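Input: a single structure, listed below in structure tokens.
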Amino acid sequence: MSALAHVGGAGPAAQAPPTRRRSLLPYLLLAPGLLWLAVFFVVPALTLVSTSLFSGSLEAGYVLTWEFGNYPLAWSQYAEQLGRSFLYAGLATALALLIGYPLAYTIAFKAGRWRNVLLILVIAPFYTSFLIRTLAWKIILSDNGAVVEWLERLGVLQVLSVVGLTAPDRVLATPLAVVTGLTYNFLPFMVLPLYASLERLDPRLVEAAGDLYASPFTAFRRVTFPLSLPGVVAGTLLTFIPAAGDYINAQLLGSLPATAMVGTVIDALFLRVRDYPLAAALSVTLMVVVVSLVAAYVRRAGTEELV
Amino acid sequence: MTTATGDLRLLRVTKRFADTVAVDDLTLTVQQGSFFALLGPSGCGKTTTLRMVAGLEEPTTGRISIGDTDITDTKPYRRPVNTVFQSYALFPHLDIFENVAFGLRRRKVRDVDTQVTQMLELVELAGYARRKPHQLSGGQQQRVAVARALVNHPGVLLLDEPLGALDLKLRRQMQRELKRIQTDVGITFVHVTHDQEEAMTMADTVAVMNHGRIEQIGSPVDLYEHPATTFVANFLGQSNLVDGRVVDRDGDLAVVDVQGHRLGVPTERVHAAGDAVHLGVRPEKVAIQVAADGPDTSGCNSVPGVVLDSSFIGVSTEYLVRLPWAQTVSVVAQNITRDPRLVPGCDVVLTWDRGHTFALDAAQAIDDGVERLAAV
Chain A
1021 MSALAHVGGA GPAAQAPPTR RRSLLPYLLL APGLLWLAVF FVVPALTLVS TSLFSGSLEA
1081 GYVLTWEFGN YPLAWSQYAE QLGRSFLYAG LATALALLIG YPLAYTIAFK AGRWRNVLLI
1141 LVIAPFYTSF LIRTLAWKII LSDNGAVVEW LERLGVLQVL SVVGLTAPDR VLATPLAVVT
1201 GLTYNFLPFM VLPLYASLER LDPRLVEAAG DLYASPFTAF RRVTFPLSLP GVVAGTLLTF
1261 IPAAGDYINA QLLGSLPATA MVGTVIDALF LRVRDYPLAA ALSVTLMVVV VSLVAAYVRR
1321 AGTEELV
Chain B
-3 MTTATGDLRL LRVTKRFADT VAVDDLTLTV QQGSFFALLG PSGCGKTTTL RMVAGLEEPT
57 TGRISIGDTD ITDTKPYRRP VNTVFQSYAL FPHLDIFENV AFGLRRRKVR DVDTQVTQML
117 ELVELAGYAR RKPHQLSGGQ QQRVAVARAL VNHPGVLLLD EPLGALDLKL RRQMQRELKR
177 IQTDVGITFV HVTHDQEEAM TMADTVAVMN HGRIEQIGSP VDLYEHPATT FVANFLGQSN
237 LVDGRVVDRD GDLAVVDVQG HRLGVPTERV HAAGDAVHLG VRPEKVAIQV AADGPDTSGC
297 NSVPGVVLDS SFIGVSTEYL VRLPWAQTVS VVAQNITRDP RLVPGCDVVL TWDRGHTFAL
357 DAAQAIDDGV ERLAAV
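Line order of the protein sequences matches chains A and B. When the letters of the first sequence are read in order and numbered with the working numbering, they come out as residues 1021 to 1327. When the letters of the second sequence are read in order and numbered with the working numbering, they come out as residues -3 to 372.
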């Protein structure tokens, strides 16, 4: 902190005494990173915020008029899509955790020499484009495909349609399809941090729990799971944040406007309607909500207390 | 959970891993309330034996029981056995209090608070209840590990090299501490170690293990004074062993010919099937005298030699003496009166009591159990 004061108070670096020049070194080393952040985060964020306060029209041009009214307008018009985004992202995150935890656990503790192969398989989908993979799910979930046929036969579809997740006879173009797509696309971001924290766990701690009268299930609940919480927090964040802003799955696997998420709306407002202020106001809203949710969550999970 | 108490018994227990036999047909009884040490070099099967008692490994064949209860097929979390792990394995996310309370909470015992507090007092960590394990020193963590196991009042407490990670001074202190706790609580302790000094200072009974088998069981004094195999003779302290042949087994005393020297050994201390033996004596039992003085050698064993080297250790001096057949033996003499003539090159006579001599079967390697530099 005192070094910061030096920098602030110092004149041109060339005139500064040697001790001050030395204290500049950390900042020089930080410079590339700070510059990167400034160019690719601070400037775009400020531009976005200022755009959200523009008014005007596409024909007449937009100018900064500090039009805060864009925000209430965006919230009242797109509250439904905002809510849907967090609902779908939340569902996808929960599903990814349910699928990802056993998978990461198996890779970390049971896979033996297959461990690396399985890890590569988790990452392998990244070698194909996000768009192509999402389109592939269109075929997997198609109306006359095997998945839908079996879900229908087993009565799962009928049950899920009561909750409103699917139609009685189809999955595609329903909320379930969007949630499935989100889960699929962000699963690796769940598995990898989970794996990293489970792999670090000393198996002797589980043995010790067993030695102290904990059944395998209790040992998992009292030792393994609490110690893997940093991975759970990292995984859920890495899944939830991009899922909340996603606009591909709702478009390709869902049916607009019924399954539209906030990302879809922002995409449409920016690129088709060209209502930049409203799009920017929605983007800023999404950003603020996600950051607040994450902050509350991390504080609650108290990850720094874990180690 | 089974609440069996009584002697711990292993009956013909064998454990095979893939193609190696870690524990080979082991039969063992550990008396209730005793401090029992399993001593041996790394890889001798002592830890595997311990893990089988804890239930962390399953014996390939054989039975394990405590008192009248067979626990061979009992799940580890149902056994009346607790372990102090080599790495302590304290739960990093729980504080000291909850670490110690872990076993009690799993068994839904009442008055957890009182018991944990008492146990923390016993290991002298009363003020540390709310610290996390990583905030404690190695010695303190070790005591938490002991408290966490002991608070459950197990039928048997297993200690897997629990002092291995501590420095020498702390180790000595913890040895006394553990011995005190064991005497206080009266629980059977089974202590696994490769440190012969640790085993001898702490245990009532020591079992020396080698290659998955027990070489010899007995009190520390018994093992030291009456080794039955070359492994025990060399692994527990040091021994001078020379090759010889039994030429006479008359009455209580056998006579062994060693390179023309006739040396006596009590017949009860001859552990050999045939006549070929390794004749042994501990270095501190041998007296070293200058040959020119013409010392009296009647009634005891004696051989001539030449001093090769002497090293002053403080309480004692160790002499390396070369025997006429070019073998080197070691003599440890207390520094009561030091003869200044005992320098390298001096002709000496080594004498020792026949009763201190032992004879071991020559079918065994003479250097079995000698700690090699590479292993240190």
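Every residue, glycine too, gets a C-beta built ideally from N, C-alpha and C. Note that the structure is predicted; figures quoted are calculated from it, not measured.
Interface flag, residue i vs chain B, CB-CB below 7 Å
i	result
G1175 of chain A	no
S1235 of chain A	yes
P1246 of chain A	yes
D1266 of chain A	no
Residue i at chain A interface by Cβ criterion, 7 Å
i	result
S38 of chain B	no
L52 of chain B	yes
T347 of chain B	no
F32 of chain B	no
A85 of chain B	yes
P158 of chain B	no
R103 of chain B	yes
T79 of chain B	yes
F185 of chain B	no
G442 of chain B	What the structure shows of chain B is the stretch from -3 to 372, and residue 442 of chain B is not part of that stretch, so it cannot be assessed.
F13 of chain B	no
P55 of chain B	no
Y73 of chain B	yes
F308 of chain B	no
F93 of chain B	no
H207 of chain B	no
G99 of chain B	yes
Nearest-angstrom Cα separation, counted from residue j out to residue i
i	j	result
N206 of chain B	M198 of chain B	20 Å
L24 of chain B	A355 of chain B	26 Å
A1094 of chain A	A1109 of chain A	20 Å
V1211 of chain A	Y1147 of chain A	17 Å
R318 of chain B	L304 of chain B	6 Å
A1228 of chain A	F1240 of chain A	12 Å
L316 of chain B	V277 of chain B	14 Å
Q169 of chain B	P279 of chain B	28 Å
V186 of chain B	V1252 of chain A	40 Å
L159 of chain B	K128 of chain B	21 Å
L1247 of chain A	D1222 of chain A	10 Å
E211 of chain B	L1218 of chain A	42 Å
F231 of chain B	Y1121 of chain A	49 Å
P1208 of chain A	L1141 of chain A	10 Å
W1056 of chain A	R1319 of chain A	28 Å
Q28 of chain B	A203 of chain B	16 Å
E1079 of chain A	P1250 of chain A	51 Å
V49 of chain B	K175 of chain B	21 Å
G290 of chain B	V345 of chain B	9 Å
L1258 of chain A	L154 of chain B	44 Å
Buried versus exposed, by CB contacts within 10 Å (16 or more), residue i
i	result
S133 of chain B	exposed
N148 of chain B	buried
Q1178 of chain A	exposed
D163 of chain B	exposed
H130 of chain B	exposed
A1025 of chain A	Only weak support exists for where A1025 of chain A lies, its pLDDT of 40 falling under 50; the coordinates are left without a value.
Q1035 of chain A	Residue placement at Q1035 of chain A is poorly supported in this model, since its pLDDT is 49, which falls under 50; the coordinates still yield a value, given next. Exposed is the call here.
D1295 of chain A	buried
F1088 of chain A	exposed
I1268 of chain A	buried
Assumed close pair residue i, residue j - CB separation to whole angstroms, cut-off 8 Å
i	j	result
G214 of chain B	G41 of chain B	Not confirmed; about 19 Å, so no contact.
L1302 of chain A	L1313 of chain A	Between L1313 of chain A and L1302 of chain A the Cβ distance is about 16 Å, and since that is not below 8 Å, they are no contact.
G51 of chain B	T70 of chain B	6 Å
P76 of chain B	I62 of chain B	6 Å
G36 of chain B	H190 of chain B	7 Å
Q111 of chain B	L100 of chain B	6 Å
Residue i CB to nearest heavy atom of the ligand SAH below 6 Å
i	result
N1205 of chain A	Although the ligand SAH was asked about, the structure shown includes no ligands whatsoever.
Contact set for residue i: own chain, Cβ-Cβ below 8 Å, skip 5 residues either direction
i	result
P320 of chain B	Q255, V299, P300, G301
R1153 of chain A	P1145, Y1204, N1205
G1165 of chain A	I1159
Close-in-space but distant-in-sequence residues of the same chain around residue i (CB under 6 Å, 5 per side omitted)
i	result
L1138 of chain A	I1127, A1131
E1325 of chain A	With a pLDDT of 48 at E1325 of chain A, under the threshold of 50, the modelled position of this residue cannot be trusted, and the question is left open.
Beta-carbon contacts of residue i that lie in its chain and below 7 Å, excluding the five residues immediately before and after
i	result
T43 of chain B	D156, V188
L7 of chain B	T23, G58, R59
D962 of chain A	Absent from the model: residue 962 of chain A. The displayed extent of chain A is 1021 to 1327, so no value can be given.
E1169 of chain A	none
V9 of chain B	V19, L22, M48, P55, G58, I60
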